[in-house]
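Enquirer:
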Amino acid sequence: MNSPQEQISSNLDRVQRRLSRALRDAGRPEDACQLIAVSKSQPTERIRAALQAGHRLFGENRVQEAELHWADLRGKYANLRLHLIGGLQTNKVRHAVALFNVIETLDRARLARALRRELDKQERSLEIFIQVNTGEEPQKGGVVPGELEALLDLAREELALPVTGLMCIPPFEEPAAPHFALLAKLARRHGLTELSMGMTSDFEDAARLGATYVRVGTGVFGPRDQNRPGAA
Ligand SMILES: *Cc1c(COP(=O)(O)O)cnc(C)c1O
Numbered sequence: 161m162n163s164p165q166e167q168i169s170s171n172l173d174r175v176q177r178r179l180s181r182a183l184r185d186a187g188r189p190e191d192a193c194q195l196i197a198v199s200k201s202q203p204t205e206r207i208r209a210a211l212q213a214g215h216r217l218f219g220e221n222r223v224q225e226a227e228l229h230w231a232d233l234r235g236k237y238a239n240l241r242l243h244l245i246g247g248l249q250t251n252k253v254r255h256a257v258a259l260f261n262v263i264e265t266l267d268r269a270r271l272a273r274a275l276r277r278e279l280d281k282q283e284r285s286l287e288i289f290i291q292v293n294t295g296e297e298p299q300k301g302g303v304v305p306g307e308l309e310a311l312l313d314l315a316r317e318e319l320a321l322p323v324t325g326l327m328c329i330p331p332f333e334e335p336a337a338p339h340f341a342l343l344a345k346l347a348r349r350h351g352l353t354e355l356s357m358g359m360t361s362d363f364e365d366a367a368r369l370g371a372t373y374v375r376v377g378t379g380v381f382g383p384r385d386q387n388r389p390g391a392a
C-alpha cells in the first residue's frame, strides 16, 4: 500500500466492514454503531485523507490539539462531528463547548456546573456522556460505578444537562468485555441510549455488547507520533 490517502481509505473500509460484521453477528442493525476515527497525535495529512475518503466523525483527547487540527477544517465540512474523548479541565470548558458536538468525559460535579454555565453563555447544543471508571483505577478519569447515580442526578435533573450516554476505557491489562457489559447495564438502568466503548484492539466486542460508538485510532490512521501530545 502506498499513499496515506489509499492506506487510510482502505483502513476505514476494513474497520467499517469488521464493525458491520460484529453488529450482524449480534443481531443489531448495521447503523446501530458509528465509527469515531480518533485523530489525536496524527498529522493533518492523515486527517485530510480520512475526510477525503468521506469520513466525518472524529475523536480528540485534548482540547488544544483538537483546535489545531480542526479550526480550519471545521468550516469546510458542514456535517463534521467531533467528540471529546479525553479528560476535560474546567479552564478549557469554554473552548471545548465551542468546538465539540459531544463531550464524552463528564466525571465530576464541578465540571457539570462549568458545562451548564458555558452552555448557557454560548447557547450551543451538544451532547454529553458520563465517563465511568469501570475498573476503579485510581489514576484514571471517570466516576466509579457507585457514584454514577449521584452525578447523573446532579447533571441531568438538577442542571438539565443533555446527558445521553456513557463512556469507558477498560483497564489495559484486563479483558475488556466484562467492562463493556457493565457499562451497557449501567446505561440501561439509567435510561441512557448512547454507549461509547471499544478501541482498535476490542471494538468488535464492544459492538456486540451494545456500543453505539466505537473509538478507533491506530486501526484507522496507523501508529501515532509518540512525540506529539496525547500520544499515549
Ligand atoms: C487514543 C484513544 C482511543 C483510540 O485508541 P486506539 O487503540 O488507537 O484505537 C480511544 N479512546 C480513547 C479515550 C483514547 O484516548
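The working numbering puts the first residue of the sequence shown at 161, with every later residue one more than the last. Even for Gly, the Cβ is constructed at its ideal location relative to N, Cα and C. The structure presented is a predicted model; accordingly, all values stated were derived computationally and were not measured.
Check whether the segment 201-216 touches the segment 163-174, counting contact only when three or more Cβ pairs, one atom from each stretch, lie closer than 8 Å.
Expert: The segment 201-216 is in contact with the segment 163-174.
Enquirer: Can you round the beta-carbon distance between Phe-340 and Gly-358 to whole angstroms, since I take them to be within the 8 Å contact cut?
Expert: About 7 Å; that satisfies the 8 Å criterion.
Enquirer: Which same chain residues, not among the five before or five after Gly-302, have their C-beta less than 6 Å away from its C-beta?
Expert: Same-chain partners within the cutoff: Asp-267, Gln-291, Val-292, Asn-293.
Enquirer: Using 8 Å for Cβ pairs, my map puts Val-198 next to Ile-245. What's the rounded Cβ distance?
Expert: Confirmed, Cβ separation roughly 7 Å.
Enquirer: Using DSSP bridges, identify the partner residues of Met-359.
Expert: DSSP, once it has assigned bridges, lists no residue as partnering Met-359.
Enquirer: In angstroms with no decimal places, state the Cα-to-Cα distance between Glu-283 and Lys-236.
Expert: Whole-angstrom Cα-Cα distance: 22 Å.
Enquirer: Three-state secondary structure (DSSP) at Ala-392?
Expert: Only weak support exists for where Ala-392 lies, its pLDDT of 48 falling under 50; the coordinates are left without a value.
Enquirer: Taking only heavy atoms of ligand 1 into account, decide whether any of them is closer than 6 Å to the Cβ of Arg-375.
Expert: Arg-375 Cβ: within cutoff of ligand 1.
Enquirer: With distance defined between alpha-carbon atoms, name the residue in Asp-173, Ser-163, Pro-164 nearest to Val-376.
Expert: Of the candidates Asp-173, Ser-163, Pro-164, the one whose C-alpha sits nearest the C-alpha of Val-376 is Asp-173.
Enquirer: Shorter than 6 Å, the distance from the beta carbon of Met-357 to the closest heavy atom of ligand 1, or not?
Expert: No; taking the cut-off as 6 Å, the Cβ of Met-357 has no heavy atom of ligand 1 nearer than that.
Enquirer: For Gly-382, name the three-state secondary structure that DSSP assigns.
Expert: In the structure shown, Gly-382 sits in coil (DSSP, three-state: anything other than H, G, I, E or B).
Enquirer: Start and end of the beta strand (DSSP E) containing Thr-265?
Expert: Where Thr-265 is concerned, the enclosing beta strand (DSSP E) stretches over 262-266.
Enquirer: Rounded to the nearest angstrom, what separates Ala-392 and Glu-333 at their Cα positions?
Expert: Here the model assigns Ala-392 a pLDDT of 48, short of 50, so the residue's position is not dependable, and the following value carries that caveat. Their backbone Cα atoms lie some 15 Å apart in a straight line.
Enquirer: Return the chain-ordered list of same chain residues with a C-beta closer than 7 Å to the C-beta of Gln-212, the five sequence neighbours on each side being excluded.
Expert: So the list reads Gln-165, once near-sequence residues are dropped.
Enquirer: Counting C-beta neighbours from all protein chains within 10 Å, is the total for Leu-286 16 or more, i.e. buried, or is it exposed?
Expert: Buried, because 16 or more other Cβ atoms sit within 10 Å of the Cβ of Leu-286.
Enquirer: If the criterion is Cβ atoms closer than 7 Å, does the pair Leu-242 and Phe-218 meet it?
Expert: Yes, they are a contact pair.
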